[in-house]
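S.K.: Here's a structure for you.
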Amino acid sequence: MYRTLRLCSSGGGFEALPEPPRPVDLARIRAALESAHVPVLDARVMLIATLEVEVTISRAGRLLFKTADPAIADRAFARLRPLLEGGAPGGGPAGHD
Amino acid sequence: MARGVMLMSGGIDSPVAMHYLLRQGHELLAVHMDNRPFTDDSPLSKVVDHLTILRERYRQPIPLYVVPHGSTQITLMRETDRHVGCVLCRRFMWRSAERVAEREGATFLVTGEALGQVASQTLSNMRSATASVHLPIVRPLIGLDKQEIEAVARSIGTYEISTRPGVCCQAVPDKPATRSNLVQILREEERLDVEQIIDDCVRKAVIL
Chain A
1 MYRTLRLCSS
11 GGGFEALPEP
21 PRPVDLARIR
31 AALESAHVPV
41 LDARVMLIAT
51 LEVEVTISRA
61 GRLLFKTADP
71 AIADRAFARL
81 RPLLEGGAPG
91 GGPAGHD
Chain B
98 MARGVMLMSG
108 GIDSPVAMHY
118 LLRQGHELLA
128 VHMDNRPFTD
138 DSPLSKVVDH
148 LTILRERYRQ
158 PIPLYVVPHG
168 STQITLMRET
178 DRHVGCVLCR
188 RFMWRSAERV
198 AEREGATFLV
208 TGEALGQVAS
218 QTLSNMRSAT
228 ASVHLPIVRP
238 LIGLDKQEIE
248 AVARSIGTYE
258 ISTRPGVCCQ
268 AVPDKPATRS
278 NLVQILREEE
288 RLDVEQIIDD
298 CVRKAVIL
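So the protein lines, in turn, are chains A and B.
Per our numbering, residue 1 is the first one in the first sequence, and the count goes up by one each step.
Per our numbering, residue 98 is the first one in the second sequence, and the count goes up by one each step.
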């Protein structure tokens, strides 16, 4: 579902989009994050998870990693991706565009 | 000359608007609405750097109020219609600026808004947003186009700061309203304790 991490348009962070586009169940993701002891803020239409970096998770499934450091974004993405795709947190590094 | 409060976002427009009024000899204070966690820390750092340039150029202290706005955004997301989120957000920004103005004895508010640059900057949205405050609002850039504003920003040395990388506001809805209805906006705000929200935010403001 999530394949690549790319620099966002304003250049201040990295983003990942579900492919094909698919909304996510924020309540399920919130519960999964909490069970993995990841601090998460629920703003109803999005979640903000605090991993090594803050990550915004929108209902449309867009992830925004608030860092311009690709290595940090990679690590956070690798931890989040399996969780968003239905598995447990963890996994290897992501690829870049 | 009069004393005013300027809303500073870190973007290209607000330092240019401030430049015009400082050049005329007005005394200004700055208010930055701190949108974290819906942005990163880049907007604040840009505002700080803009003010360093303008303070030096015009020999004015220009105090900066950094008003926390993230908790207000969360409340708006949880309690109100997302479609009008930008207008509601602006109404809280204006109210915060007006509260600072009252505290500081300022008599007008200033913004770098220009018509039609972004979805929220339509006449009906501006009207809905500014109906939340009583002080007069000055918009030095209202009739300028983006190229004119950028040219001035380059000439005063703020353009490069404004265009540094940063995370855009994540609280902006996918389809923001471009023609807001004040009646609907007021109905949305009935769900909120507006005064309490503003009190909390301005009380937690940090002055730099």
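Don't be surprised by glycine CBs; every beta carbon is placed ideally from N, CA and C.
In or out: V280/B buried (at least 16 other Cβ within 10 Å) or exposed?
M.R.: Here residue 280/B refers to the residue found at position 183 of the second sequence. So V280/B counts as exposed.
S.K.: Leaving out five residues on either side along the sequence, give the residues of the same chain with a beta carbon under 6 Å from the beta carbon of T219/B.
M.R.: Residue mapping note: residue 219/B aligns to position 122 of the second sequence, counting from 1. Excluding residues within five positions, the ones whose Cβ falls inside 6 Å are T275.
S.K.: For L289/B and I29/A, I'd like the C-alpha separation in whole angstroms.
M.R.: Position 192 of the second sequence, counted from the start, is the residue given in the question as residue 289/B. Position 29 of the first sequence, counted from the start, is the residue given in the question as residue 29/A. Their backbone Cα atoms lie some 28 Å apart in a straight line.
S.K.: Can you name, in chain order, every residue of its own chain whose Cβ lies under 6 Å from the Cβ of A194/B, other than the five neighbours on each side?
M.R.: Taking the second sequence and counting its residues from 1, one reaches residue 194/B at position 97. For A194/B, where only same-chain residues beyond five positions count, the Cβ hits under 6 Å are V102, L104, V128, L206.
S.K.: Where does I48/A sit, in a helix, a strand or coil, going by DSSP?
M.R.: Position 48 of the first sequence, counted from the first residue, corresponds to residue 48/A. Here I48/A sits in strand by DSSP.
S.K.: Relative to the C-alpha of P70/A, which candidate in E15/A, R3/A, M1/A has its C-alpha closest?
M.R.: The sequence position of residue 70/A within the first sequence is 70, counting from 1. The shortest Cα separation from P70/A among E15/A, R3/A, M1/A belongs to E15/A.
S.K.: Taking only beta carbons into account, state which residues of the region 153-181 of chain B come closer than 8 Å to chain A, listed in chain order.
M.R.: Q170, I171, M174, R175, R179
S.K.: Let's test the definition: count the other Cβ atoms within 10 Å of the Cβ of Q121/B and tell me whether it reaches 16, buried, or not, exposed.
M.R.: On the second sequence, residue 121/B is found 24 positions in, with the first residue counted as 1. Counting Cβ neighbours within 10 Å, Q121/B comes out exposed, since fewer than 16 surround it.
S.K.: D137/B and G13/A - do their beta-carbons sit closer together than 8 Å?
M.R.: As a first step, residue 13/A is located in the first sequence; it is residue number 13 there, counting from the start. As a first step, residue 137/B is located in the second sequence; it is residue number 40 there, counting from the start. Yes, they are a contact pair.
S.K.: V269/B lies in the beta strand (DSSP E); which residues open and close that run?
M.R.: Position 172 of the second sequence holds residue 269/B. In the DSSP annotation of this structure, V269/B is not part of any beta strand (DSSP E), being labelled neither H nor E.
S.K.: Check the Cβ-Cβ distances between I48/A and every residue of chain B, and say whether any is below 8 Å.
M.R.: The sequence position of residue 48/A within the first sequence is 48, counting from 1. Under the 8 Å criterion on CB atoms, I48/A is classed as interfacial with respect to chain B.
S.K.: For I282/B and V184/B, which I take to be in contact (beta-carbon distance under 8 Å), what is that distance rounded to the nearest angstrom?
M.R.: As a first step, residue 282/B must be located in the second sequence, where it is residue number 185. As a first step, residue 184/B must be located in the second sequence, where it is residue number 87. By a beta-carbon distance limit of 8 Å, I282/B contacts V184/B. Their separation comes to about 6 Å.
S.K.: Cα separation between R187/B and A226/B?
M.R.: Within the second sequence, numbered from 1, the residue matching residue 187/B stands at position 90. Within the second sequence, numbered from 1, the residue matching residue 226/B stands at position 129. One C-alpha to the other measures close to 6 Å.
S.K.: Can you list, in chain order, the stretches of the alpha helix (DSSP H) that have 4 or more residues and sit fully within the region 157-231 of chain B?
M.R.: Note on the region 157-231 of chain B: whole alpha helix (DSSP H) runs with a minimum of 4 residues are 167-176, 182-201, 220-227, in chain order.
S.K.: Assuming T67/A and Q267/B make a contact with CB atoms under 8 Å, what is their CB distance in whole Å?
M.R.: One-based indexing of the first sequence puts residue 67/A at position 67. One-based indexing of the second sequence puts residue 267/B at position 170. About 14 Å; that fails the 8 Å criterion.
S.K.: Which of the residues in the region 18-40 of chain A, read from start to end, lie with their CB under 9 Å from any CB of chain B?
M.R.: none
S.K.: What does T56/A touch in chain B if you count any residue whose Cβ is under 7 Å from its own?
M.R.: Here residue 56/A corresponds to residue number 56 of the first sequence, with the count starting at 1. Q267, listed in chain order.
S.K.: Are the CB atoms of I304/B and Y162/B nearer to each other than 8 Å?
M.R.: Numbered from 1 along the second sequence, position 207 holds the residue referred to as residue 304/B. Numbered from 1 along the second sequence, position 65 holds the residue referred to as residue 162/B. It is a contact, given that the beta carbons lie within the stated cut-off.
S.K.: Between the region 149-157 of chain B and the region 238-250 of chain B, are three or more C-beta pairs nearer than 8 Å?
M.R.: no
S.K.: 8 Å is my cut-off, CB to CB: does G107/B come that close to chain A?
M.R.: For the purposes of this step, residue 107/B is taken as the residue at position 10 of the second sequence. Answer no: the Cβ-Cβ gap between G107/B and chain A never drops below 8 Å.
S.K.: Quick one: residues in its chain with C-beta nearer than 8 Å to the C-beta of G92/A, no 5 flanking neighbours on either side, listed in chain order?
M.R.: Translated into positions along the first sequence, residue 92/A becomes position 92. At G92/A the pLDDT is 43, less than 50, meaning the model places this residue with poor confidence; the figure from the coordinates comes in the next sentence. Here the set comprises A78.
S.K.: In this structure, does DSSP put V291/B in helix, strand or coil?
M.R.: Taking the second sequence and counting its residues from 1, the one referred to as residue 291/B is at position 194. DSSP places V291/B in helix when its eight states are reduced to three.
S.K.: According to DSSP, which residues form a beta bridge with Y2/A?
M.R.: Position 2 of the first sequence, counting from 1, holds the residue named residue 2/A. P18/A, per the DSSP bridge assignment.
S.K.: Run through the DSSP bridge pairs and tell me what A31/A is partnered with.
M.R.: For this step, residue 31/A is matched to residue 31 along the first sequence. A31/A is not bridged to any residue.
S.K.: For chain A, is any of its Cβ atoms less than 8 Å away from the one on S139/B?
M.R.: Within the second sequence, numbered from 1, the residue matching residue 139/B stands at position 42. Taking Cβ atoms only, chain A reaches closer than 8 Å to S139/B, which makes this a yes.
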